[in-house]
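Asker: Residues 1 to 83 in the numbering used here are what the sequence shown spells out, letter by letter.
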Amino acid sequence: NLPASGINIVSALPHTHLQGISVWTKLIRNNTAVQYLFNAEAFDFNHQFANRLPTPIKIYPGDAFATRCIYSTKNKNDITLVE
1 NLPASGINIV
11 SALPHTHLQG
21 ISVWTKLIRN
31 NTAVQYLFNA
41 EAFDFNHQFA
51 NRLPTPIKIY
61 PGDAFATRCI
71 YSTKNKNDIT
81 LVE
């Protein structure tokens, strides 16, 4: 549970697995996108990074996050199984 006064986020780390090519996360408040935590439109698994935010983002009880990931398997010939 978050305190009513909220907490600060100072960094965000986008992560996908090898087929991930794009990923972003937005803060949602009152059903409205407030701001991006990160926006890695050209994500590269081999060059992952922690996105230190220029100013902390305050999150409050009731806030949510929306994350979009895009994957490409155009260079794969076999199926990846996850157990």
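Quick reminder that beta carbons are idealized off the backbone N, C-alpha and C, glycines included.
1) Is DSSP giving asparagine 77 helix, strand or coil here?
2) Mark alanine 42 as exposed unless 16 or more other C-beta atoms lie within 10 angstroms of its C-beta, in which case mark it buried.
3) Quick one: what does DSSP say asparagine 46 is sitting in, helix, strand or coil?
4) May I ask you to report which of helix, strand or coil DSSP gives leucine 18?
5) In or out: leucine 27 buried (at least 16 other Cβ within 10 Å) or exposed?
6) Grab the span of the beta strand (DSSP E) containing proline 56 for me, first residue to last.
Answerer: The short version:
1) coil
2) exposed
3) helix
4) coil
5) buried
6) 51-59
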